[in-house]
Amino acid sequence: MKVIYKITYPNGKIYVGKDATDSINYFGSANEALIAKDFTREQRRDFQVRKQILWESEVATLQELNRKEIEFILALRANNPSVGYNQWPKPQESGLDQVAE
0 MKVIYKITYP
10 NGKIYVGKDA
20 TDSINYFGSA
30 NEALIAKDFT
40 REQRRDFQVR
50 KQILWESEVA
60 TLQELNRKEI
70 EFILALRANN
80 PSVGYNQWPK
90 PQESGLDQVA
100 E
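According to numbering that gives the first Met the number 0, the sequence shown holds residues 0 to 100 in order.
1. Taking the CB atoms as reference points, tell me whether Ile13 and Leu53 lie closer together than 8 Å.
2. For Ala19, which residues in the same chain have their Cβ closer than 6 Å to its Cβ, ignoring the five residues on either side in sequence?
3. Strictly by DSSP, which residues pair up with Ser56?
4. Where does Lys12 fall in DSSP's three states?
5. Near Ala77, what residues of its chain come up, given a Cβ to Cβ distance below 8 Å and the 5 sequence neighbours on each side ignored?
6. To which residues of the same chain is Glu55 closer than 8 Å at the C-beta, ignoring the five residues directly before and after it?
Here is the structure:
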């Protein structure tokens, strides 16, 4: 099963990712340093994240999975640093959370 998931951190920021295996213990590859700077050592001692499956498919190709990931990142604005931890696709210079392809 291929899935698109959303991770929500205690500060409300999100990370959107994809997993081609639907592993229950995979929580993405967000930039650790980027996340760590938002939390004190004390906050990190008791830390919960939430993982939600936003979309799933047994038949999607990897290309479709990649497109869906970008679609959800843009729709949820997860690439806006005030909203989420996705660093790609980069928001355009205009401040819009879209990319020109």
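Each residue gets a CB set at the ideal place from its N, CA and C atoms; glycine is no exception.
On the basis of the supplied data:
1. Indexing the sequence shown from 1 puts residue 13 at position 14. Indexing the sequence shown from 1 puts residue 53 at position 54. No; because the gap between Cβ atoms is not below 8 Å, this pair is not in contact.
2. For the purposes of this step, residue 19 is identified with residue 20 of the sequence shown, where counting begins at 1. Result list for Ala19: Lys1, in chain order.
3. Working through the sequence shown from its first residue, we reach residue 56 at position 57. According to DSSP, Ser56 bridges with Lys1.
4. As a working note, residue 12 is residue 13 in the sequence shown. The three-state secondary structure of Lys12, taken from DSSP, is coil.
5. The residue given as residue 77 occupies position 78 in the sequence shown. Result list for Ala77: Lys5, Ile13, Tyr14, Val15, Phe71, Gly83, Tyr84 and Asn85, in chain order.
6. The count along the sequence shown starts at 1 and reaches residue 55 at position 56. The answer, listed in chain order, is Met0, Lys1, Val2, Ile3 and Asp21.
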